[in-house]
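Engineer:
In mature numbering (1 follows the signal peptide of the UniProt record, and there is no 0), the protein residues as written are -19 to -1, 1 to 372.
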């Protein structure tokens, strides 16, 4: 029988000033992960739970009494083997040695114990969150829902994460404070990216996020999100709460916010296309190699390539002789993307020590030699919106 891995994040009331440099801004919270250690979870999957828990101290920017993390484990009974702490090194060590008690799934007792932990040791200035994650049904559903209601009545924001096909979706909905706070993972391999997404939601709590910077309002998936910029061929990559990086789309593509990928310019309606200006240039260049440029035709940008032995001149606006210009795109000096064996329609994107599986636009395939999705080789790639994180 599949049970629910119940992960409960409780983070106490907050104070707002200006955002700090870490990923969660200037928030104050205490976080307790309430982990289901019942017998339905095998040893290999419980190890994946440990791996997922490591994301909390690694990503929350723990700091003194302003931001702490702890772990409680429940089955037939409940224990708190890792009390609230901001010592990242000690937390990592304790998580690695976390024991699985096994037994049945007494989710209600686990919730009650965590609530009491915060009543006794919580800090009033810190915000409270509860994030419940499980792979099945609790042994005492009515008592579980009553405990969750008690938490919500105490202004604790409750998340519920279900793992596997045996979850009780109605129970998850009853545990969570809002439908947007119900998270589902197909299996334990997906738990880490789901936890990263949970951390992002905690960091982006609407009551806490006060920054109105470039990533304000960005929807994060698995801890990462994307927004368009004023330049059609660039986009913002937002990491957790406030961190962001401007990224360049490959030549011939514009950022497609609906598909969350760089797509053919002919398939993207970008209002800021250079060629839509009242007096557009005949040709222009933004990126690509020495021979590549764009031409404006009927208000739209079209890709062009100079004849062999010529390069595009930005000042003159046309191709001129240049024996040093090679038609092949240059290999970037630092490539943060790697090919995936036997999956040409996708590539791995390395971000801050994490790896995201990203799709290429339809009709392109990833080419390691140019560190980009390319049309140089015919492909029938038609990827959907898929974003996986690999630790």
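Yeah, the Cβ is synthetic: ideal placement off N, Cα and C, and Gly gets one too.
Whole alpha helix (DSSP H) runs in the stretch 93 to 170 with 4 or more residues, listed along the chain?
Structural biologist: Segments of the alpha helix (DSSP H) lying fully in the stretch 93 to 170: 122 to 134 and 150 to 156.
Engineer: Alpha carbon to alpha carbon, what distance is there between residue 296 and residue 282?
Structural biologist: Reading the chain shown from its first residue, position 301 is the one you call residue 282. Reading the chain shown from its first residue, position 315 is the one you call residue 296. Their Cα atoms are separated by approximately 18 Å.
Engineer: Identify, in the order they occur along the chain, each residue of the same chain with its Cβ nearer than 6 Å to the Cβ of residue 269, setting aside the five sequence neighbours on each side.
Structural biologist: If you number the chain shown from 1, residue 269 lands on position 288. So the qualifying residues of the chain are 232.
Engineer: Keeping to the same chain, check which residues put their C-beta closer than 6 Å to that of residue 230; ignore five residues upstream and five downstream.
Structural biologist: Counting from one through the chain shown, the residue named residue 230 turns up at place 249. Around residue 230: 214, 236 and 243.
Engineer: The alpha helix (DSSP H) that contains residue 70, what's its start and end?
Structural biologist: One-based indexing of the chain shown puts residue 70 at position 89. 69 to 77 is the extent of the alpha helix (DSSP H) around residue 70.
Engineer: May I ask you to list the residues that DSSP assigns as paired with residue 17?
Structural biologist: Translated into the one-based positions of the chain shown, residue 17 becomes position 36. The partner list for residue 17 (beta bridge, DSSP) reads 55.
Engineer: Using the C-alpha atoms, what's the distance from residue 272 back to residue 306?
Structural biologist: Here residue 306 is taken as the residue at index 325 of the chain shown, counted from 1. Here residue 272 is taken as the residue at index 291 of the chain shown, counted from 1. Their backbone Cα atoms lie some 7 Å apart in a straight line.
Engineer: Once the 5 residues before and after residue 438 are set aside, which same chain residues still bring their CB inside 7 Å of it?
Structural biologist: Absent from the model: residue 438. The displayed extent of the chain is -19 to 372, so no value can be given.
Engineer: Kindly confirm or deny that the stretch 14 to 27 and the stretch 155 to 166 touch, where touching means at least three C-beta pairs closer than 8 Å.
Structural biologist: The stretch 14 to 27 vs the stretch 155 to 166: no contact.
Engineer: Ignore the nearest five residues each way along the sequence and tell me which others in residue 373's own chain have a CB closer than 7 Å to its CB.
Structural biologist: Limits of the chain in this structure are -19 at one end and 372 at the other, which puts residue 373 out of reach.
Engineer: Within the same chain, show all residues whose beta-carbon is closer than 6 Å to that of residue 285, passing over the 5 residues directly before and after it, in chain order.
Structural biologist: The residue labelled residue 285 in the question sits at position 304 within the chain shown. These residues qualify, in order along the chain: 274 and 276.
Engineer: Please confirm whether residue 89 and residue 121 have their CB atoms less than 7 Å apart.
Structural biologist: Indexing the chain shown from 1 puts residue 89 at position 108. Indexing the chain shown from 1 puts residue 121 at position 140. Their beta carbons are under 7 Å apart, which means residue 89 touches residue 121 by this criterion.
Engineer: Thinking just about the alpha-carbon of each residue, which of 160, 35 and 138 is nearest to the one in residue 174?
Structural biologist: Along the chain shown, read from residue 1 onward, the residue named residue 174 stands at position 193. The residue with the shortest Cα to Cα distance from residue 174 is 35.
Engineer: Starting from the C-beta of residue 261, find all residues in its chain whose C-beta is less than 8 Å away, skip the five residues before and the five after it, and write them out in chain order.
Structural biologist: Position 280 of the chain shown, counted from the start, is the residue given in the question as residue 261. Cβ within range, chain order: 255, 277 and 280.
Engineer: Express the C-alpha separation of residue 337 and residue 331 in angstroms, rounding to a whole number.
Structural biologist: Walking along the chain shown from the start, residue 331 turns up at place 350. Walking along the chain shown from the start, residue 337 turns up at place 356. When rounded, the distance between both Cα atoms is 6 Å.
Engineer: Count the other CB atoms within 10 Å of the CB of residue 247; is the residue buried (16 or more) or exposed (fewer)?
Structural biologist: Position 266 of the chain shown, counted from the start, is the residue given in the question as residue 247. Residue 247 should be labelled exposed.
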